Amino acid sequence: MSAHGTISLWTARAIQPRATGREADAAPDVVPPGFRHFLGDPGPSQQFAIDGEPFNPKDSGQRIRAGGLMEKLAGIIQFEPAKDFNPDIPSGYTYFLQLIAHDLVQSSLFLSRNQSSVLGLSNVRSRPLRLETIFGGGPVQCPYAYEVSDSGFRDRLRLGGVRSDGECNIDTGDLRDVARARATGVLAKEGYPEALIPDARNDSHAILSQIVVMLHHLQNQILENLSANAKIRSTGSPFIDAQRKFVATQSACALIYRRIIRDDVLPKILHPDVRAAYESGVIQVIDRPQGLDNGPWLVPLEFSFGFFRFGHAMIRAKYSFNPETPPPYGRLGLTEIIEHTSEKNPALMPFENSWTIDWQRFFGNGEATNFSVRIGPWSRMDIENAVRGSEPNEPGLTVRDLTSSIATQPWSVRALAETLSKTHGKLFRSSPYLAGALDDPKNPPWYAAVSLWLSDRRCRPGQTLNDDEIRILAADPPIPFFARFEAGVDPNIEGRHLGVLTSIVVADVFYGIFQYDRLLGADGNQDLAGQLQHVSELVFDGEPGAFPGLESITTVNSLIDFLGARIKFPIGG
């Protein structure tokens, strides 16, 4: 359940002095296409380091030493989290965040399974937060994901039917699954091994694929509304009309999705002081997105491989999908959920009705709601084992998060915090791990707290950390660990939301996209009603009223209400 163009070799790189000698060997490699470093390339003294030496993944000795440290740290993190769940974040948001991650980054290979080498790595996501993960490149590039309309243009995202429990064939007329098919090359095999969606990662488990279904229904519903809207004048060509409505619908879906992120998702995960500062404009975006005007966008490595991996701590061991979830206990285990896909179990496709989700169990706040695990420096063996490959000694999810993060030669937490303190220093005062001097690489403000936490857990079987290793990790913690630590160990947060530093980086990335990536020219700071009116007038020759009622969809629950019977358990579309 993990998340996974270039600009003219950045200005930040151009103004930095050229490293020589040993510093040159450790200096970051050319950043992979589609990526960049947050705030520009870190200098050698600003990079993540092992015992004061900038980490160089090409150095086999350093790589082995770092790998051993990350394995021990991951072993310490792999323990059962606190029994009380997070009452502020229902579990549906865990997986909505996964979809968001897929909409920001689509890596060309698995960095965490590539011996820390970025060779061949690129981010092929061309634009952020435009629902490319749902629409792909559109009907021309991804025709298999769309149905052909009467006009001859493929406009509707496909939906798939579900089966009654125990039945072999689709017999319900209930469109609660992604569309699935059997390719000609596998006709002799049982089941439906091909999910007809542009981003195959969105069929990586049975929760995420149903969030995709929700968004397919949104697109279909808006198309139907446009077809019934008498204010929309025809061009005289059914094909041109269909294309225009598709463009308008895709833009409306993306604007609604961005508004849900801004008004519903970010308030749940960001530190409230940080969100208030960015939302009000008291704090301005410091790391403006790059690549939006002259090529594919560039995602910050520290964000994608570091700070935004916090969601892996929020995963539960079991989930209740609906009142008919079968025994034992009326909950489905994590391994079952991950394996309920076209790739893992084509013979079980399409979904049976008992596998469809009653959305109040994932986005509600009642007794039956699956609330998420609190954010913190913990994991669980269920998820570690579920994502392992077939090779012997395949690393678990936490090791992969840690090793892929340092392989990108990121900023050190201390150097990044020191740089941000110049613009965000007032926010640092509310964090016990940032309120202090940040100029000493050997003694950052969090050093004592991290040292104590590691020391208390150093003797987990097979994962003993010695004093020297604790000193190294406490002075320069890998970003994914620090992001979880500042959220889960801070007594003022207790894992309910992100800590200050992680919130700043996450907020800066998202608000940068909202402000500088304009969908069809719509102002990112305008309310949803104004944005939808702008798209309506632009696409439909000045007509402002193409999207009545959509302006109220600003949360996931308002989206669920808008779709109504289309996604309501157990009836559905």
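Residues 117 to 689 (my numbering) make up the sequence shown, in order.
Cβ coordinates follow ideal geometry from the N, Cα and C atoms, glycine included.
These numbers were taken from a predicted model, which means no experiment stands behind them.
Using 8 angstroms as the threshold, is the C-beta distance between Arg477 and Asn486 below it? The residue labelled residue 477 in the question sits at position 361 within the sequence shown. The residue labelled residue 486 in the question sits at position 370 within the sequence shown. Cβ distance < 8 angstroms, so Arg477 and Asn486 count as in contact.
Nearest-angstrom Cα separation, counted from His650 out to Lys361: As a working mapping, residue 361 is identified with position 245 in the sequence shown. As a working mapping, residue 650 is identified with position 534 in the sequence shown. Straight-line measurement puts the Cα of His650 at about 15 angstroms from the Cα of Lys361.
In or out: Val264 buried (at least 16 other Cβ within 10 Å) or exposed? Taking the sequence shown and counting its residues from 1, one reaches residue 264 at position 148. Of the other Cβ atoms in all chains shown, fewer than 16 fall within 10 Å of the Cβ of Val264; this residue is therefore exposed.
Reduced DSSP category for Lys434 - H, G, I as helix; E, B as strand; rest coil: The sequence position of residue 434 within the sequence shown is 318, counting from 1. It is a strand residue.
Touch test, the region 206–226 against the region 236–255, Cβ-Cβ under 8 angstroms, three pairs minimum: yes
Can you check the region 573–617 for any alpha helix (DSSP H) of at least 4 residues that lies completely inside it and give the ranges in chain order? 583–591, 595–604
What's the C-alpha gap between Tyr262 and Thr670? For the purposes of this step, residue 262 is identified with residue 146 of the sequence shown, where counting begins at 1. For the purposes of this step, residue 670 is identified with residue 554 of the sequence shown, where counting begins at 1. Rounded to the nearest angstrom, the gap between the Cα atoms of Tyr262 and Thr670 is 26 angstroms.
Just to check my reading of the structure: Leu518 and Ala217 have Cβ atoms closer than 8 angstroms, yes? What is that Cβ distance to the nearest angstrom? Here the question's residue 518 lines up with position 402 in the sequence shown. Here the question's residue 217 lines up with position 101 in the sequence shown. About 17 angstroms; that fails the 8 angstroms criterion.
By the three-class DSSP mapping on this structure, what secondary structure does Gln163 have? Indexing the sequence shown from 1 puts residue 163 at position 47. Three-state result, Gln163: strand.
Determine the DSSP secondary structure at Asn501, reduced to helix, strand or coil. Along the sequence shown, read from residue 1 onward, the residue named residue 501 stands at position 385. Three-state DSSP puts Asn501 in a helix.
Classification of Val146 by the beta-carbon crowding that lies within 10 angstroms, buried from 16 upward: In the sequence shown, residue 146 corresponds to position 30, counting from 1. Label assigned to Val146: exposed.
My parser needs the alpha helix (DSSP H) runs of 4 or more residues fully inside the region 234–304; what are they? 248–251
With H, G and I counted as helix, E and B as strand and the rest as coil, what does DSSP make of Val398? Within the sequence shown, residue 398 is the residue found at index 282, counting from 1. Three-state result, Val398: coil.
Using the Cβ count rule (16 or more neighbours within 10 Å means buried), how would you classify Ile131? In the sequence shown, counting from the first residue as 1, residue 131 sits at position 15. Note that Ile131 scores 28 on pLDDT, short of 50, meaning its location in the model is unreliable; the coordinates nonetheless yield the value given after this. That one is exposed.
Specify whether the region 598–605 and the region 561–576 touch according to this definition: at least 3 beta carbon pairs, one from each stretch, less than 8 angstroms apart. yes
Smallest Cα separation from Pro607: which of Gly236, Ala182, Arg490, Arg432? Numbered from 1 along the sequence shown, position 491 holds the residue referred to as residue 607. Checking every option, the nearest Cα to that of Pro607 belongs to Arg490.
Figure out for me which residue from Gln366, Arg279, Ile327 has the closest Cα to the Cα of Pro255. Along the sequence shown, read from residue 1 onward, the residue named residue 255 stands at position 139. Comparing Cα-Cα distances from Pro255 to each of Gln366, Arg279, Ile327, the minimum goes to Gln366.
Keeping to the same chain, check which residues put their C-beta closer than 7 angstroms to that of Lys558; ignore five residues upstream and five downstream. If you number the sequence shown from 1, residue 558 lands on position 442. Ala591, listed in sequence order.
Between the Cα of Arg279 and the Cα atoms of Asp271, Ile313, Gly268, Ala295, which residue gives the shortest distance? Residue mapping note: residue 279 aligns to position 163 of the sequence shown, counting from 1. Of the listed residues, the one whose Cα sits closest to Arg279 is Ala295.
For Asp403, collect the residues of the same chain with a Cβ closer than 8 angstroms to its Cβ; drop the 5 residues on either side in sequence, then sort them by chain order. Within the sequence shown, numbered from 1, the residue matching residue 403 stands at position 287. Result list for Asp403: Phe154, Leu155, Pro416, Asp624, Val625, Gly628, in chain order.
Cross-strand partners of Ser325 (DSSP beta bridge): Indexing the sequence shown from 1 puts residue 325 at position 209. Its beta-bridge partners do not exist; DSSP assigns none.
Considering only C-alpha positions, which residue in the set Lys684, Gly661, Leu589 is nearest to Phe691? Beyond the ends of the chain as shown, which are 117 and 689, falls residue 691; an answer cannot be given.
Taking DSSP's pairing of strands, which residues face Glu455 in a bridge? Translated into the one-based positions of the sequence shown, residue 455 becomes position 339. Among the bridge pairs identified by DSSP, Glu455 is matched with none.
For Gly276 and Gly680, what's the separation of their Cα atoms in angstroms? Residue numbering aside, residue 276 sits at position 160 when the sequence shown is read from its first letter. Residue numbering aside, residue 680 sits at position 564 when the sequence shown is read from its first letter. Approximately 18 angstroms, taken between the alpha carbons.
Report the partner residues of Pro206 according to the DSSP bridge assignment. Here residue 206 refers to the residue found at position 90 of the sequence shown. Bridge partners of Pro206: Phe487.
With distance defined between alpha-carbon atoms, name the residue in Leu312, Pro596, Val234, Phe630 nearest to Tyr741. Beyond the ends of the chain as shown, which are 117 and 689, falls residue 741; an answer cannot be given.
Residue range of the alpha helix (DSSP H) that includes Gly177: Position 61 of the sequence shown, counted from the start, is the residue given in the question as residue 177. Judged by DSSP secondary structure, Gly177 falls within the alpha helix (DSSP H) whose first and last residues are 176–193.
List the DSSP bridge partners of Trp527. Against the sequence shown, residue 527 aligns to sequence position 411. Looking at the DSSP assignment, Trp527 forms a beta bridge with Gln163.
Is it right to say Lys199 is buried, meaning 16 or more other beta carbons lie within 10 angstroms of its own, or is it exposed? The residue given as residue 199 occupies position 83 in the sequence shown. With fewer than 16 other Cβ atoms within 10 Å, it is exposed.
Residues in its own chain within less than 7 angstroms of Val672 by CB, not counting five upstream and five downstream? Along the sequence shown, one-based indexing puts residue 672 at 556. If we look at Val672 and ignore the five residues flanking it on each side, its Cβ neighbours are Gly208, Phe212, Ile376, Asp380, Phe479.
Could you pull the DSSP bridge partners for Gly640 from this structure? Locating residue 640 in the sequence shown gives position 524, counting from the first residue. None; Gly640 has no bridge partner.
Delimiting residues of the alpha helix (DSSP H) encompassing Ile313: In the sequence shown, counting from the first residue as 1, residue 313 sits at position 197. Ile313 -> no alpha helix (DSSP H), and no H or E assigned at all.
Give me, in chain order, the residues of the same chain whose beta-carbon lies closer than 6 angstroms to that of Thr618; leave out the 5 immediate sequence neighbours on both sides. The residue given as residue 618 occupies position 502 in the sequence shown. Closer than 6 angstroms at the Cβ level, and outside the excluded window around Thr618, lie Phe423, Ala599.
Note down the Cα distance separating Asp290 from Asn336, rounded to an integer number of angstroms. As a position in the sequence shown, residue 290 is number 174, starting the count at 1. As a position in the sequence shown, residue 336 is number 220, starting the count at 1. In this structure, the CA atom of Asp290 is about 15 angstroms from the CA atom of Asn336.
With a threshold of 8 angstroms between beta carbons, is Asn673 in contact with chain D? Although the question refers to chain D, the structure presented lacks it and comprises just one protein chain.
Confirm, please, whether the CB-CB distance from Ile473 to Gln642 is below 8 angstroms. Along the sequence shown, read from residue 1 onward, the residue named residue 642 stands at position 526. Along the sequence shown, read from residue 1 onward, the residue named residue 473 stands at position 357. No, Cβ-Cβ distance for Gln642 and Ile473 is not below 8 angstroms.
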